[in-house]
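Visitor: Going down the list, the sequences are from chains Z and S.
If you use the numbering used here, the first sequence closes out at 353, no skipped numbers anywhere.
If you use the numbering used here, the second sequence closes out at 1333, no skipped numbers anywhere.
Below are the structure tokens for one structure; questions will follow.
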Amino acid sequence: MAVDITLLFRASVKTVKTRNKALGVAVGGGVEGSRDELFRRSPRPKDDFSSRAREVISHIGKLRDFLLEHRKNYINAYSHVMSEYGRMTDTERDQIDQDAQTFMRTCSEAIQQLRTQAHKGIHSQQVKEHRTAVLDFTEDYLKRVCKLYSEQRAIRVKRVVDKKRLSKLEPEPNTKTRESMSSEKVSQSPSKDPEEKPVPEEYPEKVPVEAQPELGSWGDGKGEDELSPEEIQMFEQENQRLIGEMNSLFDEVRQIEGKVVEITRLQEIFTEKVLQQEAEIDNIHQLVVGATENIKEGNEDIREAIKNNAGFRVWVLFFLVMCSFSLLFLDCRKNAVSRSSGQMTCAPCGFLCA
Amino acid sequence: MVGAKMAGAAAASIRERQTVALKRMLNFNVPHVKNSTGEPVWKVLIYDRFGQDIISPLLSVKELRDMGITLHLLLHSDRDPIPDVPAVYFIMPTEENIDRICQDLRNQLYESYYLNFISAISRSKLEDIANAALAASAVTQVAKVFDQYLNFITLEDDMFVLCNQNKELVSYRAINRPDITDTEMETVMDTIVDSLFCFFVTLGAVPIIRCSRGTAAEMVAVKLDKKLRENLRDARNSLFTGDTLGAGQFSFQRPLLVLIDRNIDLATPLHHTWTYQALVHDVLDFHLNRVNLEESSGMENSPAGARPKRKNKKSYDLTPVDKFWQKHKGSPFPEVAESVQQELESYRAQEDEVKRLKSIMGLEGEDEGAISMLSDNTAKLTSAVSSLPELLEKKRLIDLHTNVATAVLEHIKARKLDVYFEYEEKIMSKTTLDKSLLDIISDPDAGTPEDKMRLFLIYYISAQQAPSEADLEQYKKALTDAGCNLNPLQYIKQWKAFAKMASAPTSYGNTTTKPMGLLSRVMNTGSQFVMEGVKNLVLKQQNLPVTRILDNLMEMKSNPETDDYRYFDPKMLRGNDSSVPRNKNPFQEAIVFVVGGGNYIEYQNLVDYIKGKQGKHILYGCSELFNATQFIKQLSQLGQK
């Protein structure tokens, strides 16, 4: 339980002020304290970065409000029973989608820009950290608002897909049910979603068309009254069979629907993970490239060093051999000079010193 | 307030209360509401070492981020000006801190300042800040000033410690020094009472206080009673009214505060232990819920480049989120080892599941006709992928506990701690000893000299009459041969003499330990922790003296030990301190506070005790938390004088 002593603090400020006045101490302000503060406020370096960040946040806030405002209408589609105020046409919805997307794109671009600019001209580690964190918060906020948008979009897309799929299923059962009683079809349709209202609407149209030839056939078959109970039974059996088939198809459709939804979710998760790894893989790629280059250079350096080493050795050997030869030569010459009176040959370099 | 919504006892999770208070403070002292589409507000958190100790067990860096904190810095570090950002300060109102704040104000480091003082700030210091603010023309920048009353550190849901930074000041040694002056004692008592007061403000309840006579605990009780009474009288500023007290008032029950002095029981801090949390505290470097392990990189041949072998330091946080820790922190060590094994196996099974799915999915791509299998596996795959983060977290925890438990096990094996534990249990329960004390002390490879000292001290403390001079000389010689320092013994002798005068020696209850012997050893060899030679000891419930005292007081049992405890009730109009408790009903909540230091063994004992009782809560607190090593150091310092 914390105690708010702000008022106490302000009271102390007043006490100190009066005390200082009484003591006649100029406290770098005194009477002009308040004015000084005002003056001090404006020349204070208004931080460009944070004001821009705040702008971006207010934009995102506007987007969020916009989405929330129209959310109810957006989602409450398809109910024909709704009053005129609630209805939203598809074009309006598309418009909203597009606007939201462009908005989100501009916001994320602005954040990227801020990120590149954030680290320019700042030498303090703490300020850099702070700015990075601020940008992270802003991005997170944007993501949350985008989630709002994508949720309602997902609902809308799902409905459209459902509708399409159901309308596709319609021709098949129609051919099979030509011989069945219309009443059973009509009784089944109210059990399905109200979305399928357009679909069953077509059955009653077709059935009266069928009913007439059937009436005709019945009218002709009055002489076959004993067979008609059997026919009725057969028809009933067929009805049962068809109902069973219809139900199983329906169930399968439901299952597939569920699977597809799960697959989409998985896809989302995977894409997220892959995107995350992209940055890391880029990093690793750079490091590897750098490493290979370093190794290449290192190899070359080693080769050169070996060559130099070898060359050096060769020179040293050559020098030594030359030295030894010159020593021998000199020695010979000495010997030859010392024996100039006597014989002119010396053993090792025989014919050389003539 | 979230606190009021907690059903039942006012003593429910002190940790949650403190966390809520901290979060509120970080949210500019406005109650924190989680809003998923709220705008981010960023701020900077400045704390001093006290604040750091308080915040670190409760909030992780990630949680701080979630609250919008971009930077968290120490008060006395070099801080650069960060324009246009509000700063939240969480500091103690000491002279240096106040000076530093004034400096910050003068340097105009931040845009606005929210000052939160851990305990109440005095009027004069407030005026100092006001002075500096005026000088820097920054009065409007100081947005809010608060007294947070959070001057204690919560380590567990029901355990708190008074301080970590200046524990020298309130240590056992400081309180029991023979050369302590009155003023110094006053300071120490004031510090303790201040923290206890903050604790009760956060708890939102006024307790009934009981303490023993003639000890430091009594002094604390008198001062605390006075402080609470003054605060309650002051109807305008009373901290105990308001809706945080709602829950406490409805329960009609006030908690019982039992103030105990460390001198009642000196054997427990020296005791070798066998439960997980207490072992980690005893053997490894563990404080503020953080374990620091040193892992030496193995005995590799150093390459020709001859780099010195580096020891990796690793630190782990043992937090309430860690389910394994919560479940097993009080279990005996062999159980912990087995559970880690089990967790590891279940984790491996789950991992295999996921891998199997992967191979099935690999087959899927080639075989068109197996689409029916796909439908079943998609669901499995989804559940596997969504459970992947959980699996990774589980793996991390298992690794953590494997490392910690292995480190502990190494220590146990090296020092033969199980032998000590068994022996001490036997000493403390006064059953017959099968091995003579002298043998163990002279045994060269059973434990460090410190372990032997501990064993001997426990023997000395719990012996009914002191051993004869000749025996004592023998022991002393054996101890010095083993390399022990004999100073603690000096002190214990003095203490024993004093304690004998004061009251009857306390007994430690009956306990038996059953070494499970060969059969369990065979069973255990299958496990990764091959605990050969480490006996699988089974702890039987025993009540330490602290638990017994609490039991008597809580259940209003009559017992010569606790009958003459003093009774304080700050809410009573007349400040008489009769020993007759007005309230005859047993208490539902109790807070045990040990003046002079506590440890995890007592805490575990209390937890076990209260587990058996329905609907009762106990909080355990101490002025400082030490393990046996630190306690021996203090005793030897005391013995040197």
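Glycine residues also receive a C-beta, built at the ideal position from the N, C-alpha and C atoms.
(1) Distance, Cα to Cα, Z:I231 vs Z:V259?
(2) Per DSSP, what kind of secondary structure is S:V837 in: helix, strand or coil?
(3) Closest to S:I884 by CA distance: which of S:L1330, S:L1130, S:S863 is it?
(4) Which residue or residues does DSSP assign as beta-bridge partners of S:F978?
(5) Where does S:E1116 land, buried or exposed, given buried means 16+ other C-beta within 10 angstroms?
(6) Quick check on S:P732: does DSSP put it in helix, strand or coil?
(7) Would you identify the three-state DSSP class for S:L1317, choosing helix, strand or coil?
(8) Check the Cβ-Cβ distances between Z:K157 and every residue of chain S, and say whether any is below 9 Å.
(9) Any idea if S:K754 is buried or exposed, counting beta-carbon neighbours within 10 angstroms, 16 or more meaning buried?
(10) For the structure I just gave you, are there three or more beta carbon pairs, one from the stretch 900–909 of chain S and one from the stretch 951–964 of chain S, closer than 8 Å?
(11) I want to see whether chain Z comes within less than 9 Å of S:R707, judged by CB atoms only; does it?
(12) Does DSSP put S:A1334 in a helix, a strand or coil?
(13) Under 7 Å between beta-carbons, which chain S residues line up against Z:Y140? List them in chain order, please.
(14) Flag this pair as yes or no: are the beta carbons of S:N856 and S:S887 separated by less than 9 Å?
(15) At a CB-CB cut-off below 9 Å, which residues of chain S make contact with Z:H129?
(16) What separation, rounded to the nearest whole angstrom, lies between the Cα atoms of Z:R164 and Z:K61?
(17) Report the rounded CA-to-CA distance for S:P775 versus S:L801, giving the unit in angstroms.
(18) Excluding the 5 residues preceding and the 5 following S:L737 in the sequence, name in chain order all residues of the same chain whose CB lies nearer than 6 Å to its CB.
(19) Got a sec: which bits of the stretch 1024–1051 of chain S sit with their beta carbon under 9 Å from any beta carbon on chain Z, in order along the chain?
(20) Only counting the same chain, and skipping five residues up and downstream in sequence, which positions put a Cβ closer than 7 Å to that of S:M1145?
(21) Can you give me the Cβ contacts of S:N1319 inside the same chain, cut-off strictly under 7 Å, excluding the 5 residues immediately before and after it?
(22) What residues of chain S sit near Z:Q125, judged by a beta carbon separation below 8 Å?
(23) Give me the Cα-Cα distance between Z:G23 and S:E876, rounded to the nearest whole angstrom.
(24) For the stretch 846–911 of chain S, list the beta strand (DSSP E) runs that are entirely contained and at least 3 residues long, ordered along the chain.
(25) Assign Z:F318 to one of three DSSP states: helix, strand, or coil.
(26) Going by other Cβ atoms of all chains shown within 10 Å of its Cβ, with 16 needed for buried, is Z:L274 buried or exposed?
(27) With DSSP collapsed to three states, give me the class of S:L766.
(28) Counting only the same chain and skipping the five closest in sequence on each side, list residues whose C-beta sits under 7 Å from that of Z:V336.
(29) Thinking C-beta only, is S:N981 closer than 9 Å to S:K1005?
(30) What three-state label does DSSP hand S:Y802 in the structure shown?
(31) Return the bridge partner residues of Z:G289 from the DSSP annotation.
(32) Would you mind stating whether S:I640 and S:V1287 have Cβ atoms separated by less than 9 Å?
(33) Any idea if Z:L286 is buried or exposed, counting beta-carbon neighbours within 10 angstroms, 16 or more meaning buried?
(34) For the alpha helix (DSSP H) that S:E1253 lies in, which residues bound it at each end?
(35) Tell me which residue opens and which closes the beta strand (DSSP E) that S:V1286 is part of.
(36) Answer yes or no: do S:G1331 and S:I1153 have a C-beta to C-beta separation smaller than 9 Å?
Guide: The short version:
(1) 41 Å
(2) strand
(3) S:S863
(4) S:V983
(5) buried
(6) coil
(7) Annotated three-state conformation of S:L1317 is strand, per DSSP.
(8) No, Z:K157 does not count as interfacial toward chain S.
(9) exposed
(10) yes
(11) no
(12) Absent from the structure is residue 1334 of chain S, since the part of chain S shown begins at 693 and ends at 1333.
(13) Think of a sphere of 7 Å around the beta carbon of Z:Y140: the chain S residues whose beta carbon falls inside it are E731, P732, in chain order.
(14) no
(15) W734, V736, T762, L763, I774, V777
(16) 37 Å
(17) 7 Å
(18) I761, H764, V780
(19) none
(20) Taken in chain order, the residues that qualify are L1171, C1176, P1180, I1324.
(21) H973, D974, N1291
(22) L763, L765, R771, D772, I774
(23) 40 Å
(24) 851–853, 900–903
(25) helix
(26) exposed
(27) Note: S:L766 maps to strand in three-state DSSP.
(28) none
(29) no
(30) coil
(31) BP columns for Z:G289 are empty, so no partner.
(32) An answer regarding residue 640 of chain S cannot be provided, because it is not within the stretch 693 to 1333 covered by chain S.
(33) exposed
(34) It is not in any alpha helix (DSSP H) - S:E1253 carries neither H nor E in the DSSP assignment.
(35) The continuous beta strand (DSSP E) containing S:V1286 extends over residues 1281–1287.
(36) no
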